[in-house]
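What follows is a single structure, written as structure tokens, with notes after it.
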Amino acid sequence: MKIENKIDKEMALFERALKVMPGGVSRNTIFRKPHPHYVASASGCYVEDIYGVKRIDFVNNMASLIHGHAHPDIVEAVSEQLRRGTAFSLGTEIEIEHAELITSRVPGFEKIRFMNSGTEAVMSLIKLARAYTGKPKIAKAEGAYHGTYDFAEVSQVASPDNWGPIDNPARVPLAFHTPKGVLNDVVIFPFNDIERTISILDKYAGEIACVLIDPVPHRINMVRATEEYIQAIYDWTRKNNALLAFDEVISFRVDFEGAQALYKVKPDLTSLGKIIGGGFPIGAIAGKAEIMDFMNPARKPLPFSLSFTFAANPVSMLAGKIAMQLFDREAVNRLNNLAKIARNQLSEAAQMANIPFCTAGEGSMFRMYFSPTPPASYREAYADDKLKQIQNIFLDLMYDEGIMLINSLSCMLSTAMTQKEIDLLTEAALKGFRYIKPMLIV
Ligand code: PMP
0 MKIENKIDKE MALFERALKV MPGGVSRNTI FRKPHPHYVA SASGCYVEDI YGVKRIDFVN
60 NMASLIHGHA HPDIVEAVSE QLRRGTAFSL GTEIEIEHAE LITSRVPGFE KIRFMNSGTE
120 AVMSLIKLAR AYTGKPKIAK AEGAYHGTYD FAEVSQVASP DNWGPIDNPA RVPLAFHTPK
180 GVLNDVVIFP FNDIERTISI LDKYAGEIAC VLIDPVPHRI NMVRATEEYI QAIYDWTRKN
240 NALLAFDEVI SFRVDFEGAQ ALYKVKPDLT SLGKIIGGGF PIGAIAGKAE IMDFMNPARK
300 PLPFSLSFTF AANPVSMLAG KIAMQLFDRE AVNRLNNLAK IARNQLSEAA QMANIPFCTA
360 GEGSMFRMYF SPTPPASYRE AYADDKLKQI QNIFLDLMYD EGIMLINSLS CMLSTAMTQK
420 EIDLLTEAAL KGFRYIKPML IV
């Protein structure tokens with residue numbers, strides 16, 4: 000197939016899209032220049048584009064498809080459910096079953112409540128923390144991604160011209176004209192930096208409802224929080240009547256019990272999403288019963304109202320339940336082991352190409368860096384324009400070689416993958432490494 004034809008077909012779709020959607024997309028994630036790529040179908044870990052070209056999918060819809068695409072058990076069960084109805088303003092048994100499954104998986108998940116997305120989960124968690132503690136502020140790490148609730152997105156993107164001193168990071172609005180009130184009620188700290196974090200939290204002791212932590216923050220550096228860091232924040236929250244909240248929307252995949260299994264102390268509340276929906280929209284908050292009960296609609300007065308039209312719809316519940324049943328301890332271990340193999344093979348390929356390289360990550364997710372060690376902080380990770388350009392060239396090369404990666408050069412493995420796909424990833428990467436090598440040498 001001629002390249003011109005390929006460009007024409009996708010360009011033609013994009014031109015139609017531009018007429019009806021701003022920028023031609025409904026998700027910024029798929030936007031790319033000169034146009035998004037368009038998919039025809041997918042199965043397991045392979046995605047076929049509209050030209051019939053198949054690629055291995057290491058994106059997995061931003062880490063949400065733990066078994067890859069169209070897992071036969073999920074397809075069969077959901078197809079049957081579609082005929083029985085997809086959304087009711089009534090309770091369903093499948094919702095209870097999914098709640099039983101997830102709460103039985105993690106000791107600290109005494110109760111759970113479902114939403115439609117990770118954003119809704121984090122938003123609801125923040126409201127719950129305020130309602131429970133009676134305090135207005137939340138604290139979050141600079142550069143951490145927690146979805147698009149106003150408060151959760153403060154300092155998601157901070158840059159050298161606006162991030163302020165590291166001892167007192169600025170509260171950087173993401174959205175134009177974010178109200179000052181929102182910024183006032185978000186405290187920003189540098190991730191994994193115990194001394195600075197605690198001294199910043201101390202300044203607002205008495206006002207903080209919860210400290211929100213993604214234990215393996217993919218947007219910062221994908222280096223997990225240290226045991227000491229989590230312990231220090233936990234101790235601070237105990238002393239200051241605040242909640243420790245983990246955002247495990249992505250990191251839940253790293254262990255059978257989520258990333259919280261990696262720490263001695265446990266969060267009071269956890270936000271969930273992605274993989275627990277089995278490929279369908281989902282979000283959830285799980286945690287201590289006493290706190291969760293603030294969402295009990297029978298409570299009087301009701302601390303805050305929470306009702307999402309499609310929350311706990313039977314399609315997401317059924318698909319999620321099957322996906323999580325299949326992602327048992329053995330499956331988690333197998334996948335985590337495959338990720339280890341992939342990281343080792345990529346490092347070997349980088350050695351062969353003789354380029355600076357390392358990976359960071361946990362369990363079945365990792366990120367590649369063209370440096371000998373991962374950046375230690377968000378500020379260190381903030382790539383300069385030249386490095387970003389090289390990353391984009393590498394990303395495009397990998398796509399042409401049949402490998403789909405997340406823009407940050409991250410891989411999210413699925414259980415549909417085997418050694419064969421890891422070998423193909425490594426082969427493509429070796430070609431890519433050799434191609435970008437001259438660009439890395441200044
Ligand atoms: N929290 C984290 C840690 C996430 O990674 C994401 C999504 N990437 C969200 C929250 C928001 O989830 P959603 O896109 O489902 O709203």
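Quick note on numbering: the sequence shown equals residues 0 to 441 in numbering that gives the first Met the number 0.
Every residue, glycine too, gets a C-beta built ideally from N, C-alpha and C.
In this structure, glycine 272 has its CB closer than 7 Å to one or more heavy atoms of the ligand PMP.
Annotation: the region 82-140 contains the following complete segments of the beta strand (DSSP E) (minimum length 3 residues), in chain order: 110-114, 136-140. In the displayed model, tyrosine 368 falls within a strand according to three-state DSSP. His70 is the residue among His70, Phe113, Phe365 whose C-alpha sits nearest the C-alpha of glutamine 324. Those residues placing their Cβ nearer than 5 Å to any heavy atom of the ligand PMP are, following chain order, Ser116, Gly117, Thr118, His145, Gly146, Asp213, Asp246, Val248, Ile249, Gly272.
Proximity of the region 223-236 to the region 71-83 falls short of the contact definition, fewer than three beta-carbon pairs being nearer than 8 Å.
In the displayed model, arginine 170 falls within coil according to three-state DSSP, outside both helix and strand. Per DSSP, the continuous alpha helix (DSSP H) segment holding serine 198 begins and ends at 193-202. Counting of Cβ neighbours within 10 angstroms places methionine 10 among the exposed residues, the total staying below 16. A Cβ-Cβ contact shorter than 8 Å links arginine 104 with glutamate 256. Of Met351, Phe307, Ala140, the smallest CA-CA separation from alanine 86 is found for Phe307. Below 8 Å, too few C-beta pairs join the region 291-300 and the region 45-61 to call them touching: fewer than three. The residue from Ile137, Leu301, Arg82, Gly142 with its alpha-carbon nearest to that of threonine 236 is Ile137. Annotation for arginine 54: the continuous beta strand (DSSP E) segment containing it runs 53-56. With respect to alanine 318, glycine 276 sits close: the two C-beta atoms are nearer than 8 Å. DSSP, reduced to helix, strand and coil, places leucine 64 outside both helices and strands of the structure shown, so it counts as coil. Where methionine 323 is concerned, the enclosing alpha helix (DSSP H) starts and stops at 313-325. Contact annotation: proline 313 and glutamine 80 have beta-carbon atoms nearer than 8 Å. Under the three-state reduction of DSSP output, methionine 351 falls in the helix class. Within the DSSP bridge table, the entry for methionine 403 names Asp56 as partners. When Leu386, Ser363, Ala359 are compared, the shortest CA-CA separation from serine 376 is found for Ala359. Below 8 Å, enough C-beta pairs join the region 245-253 and the region 270-288 to call them touching: three or more. In this chain, isoleucine 274 is not harboured by any alpha helix (DSSP H), its DSSP state being neither H nor E.
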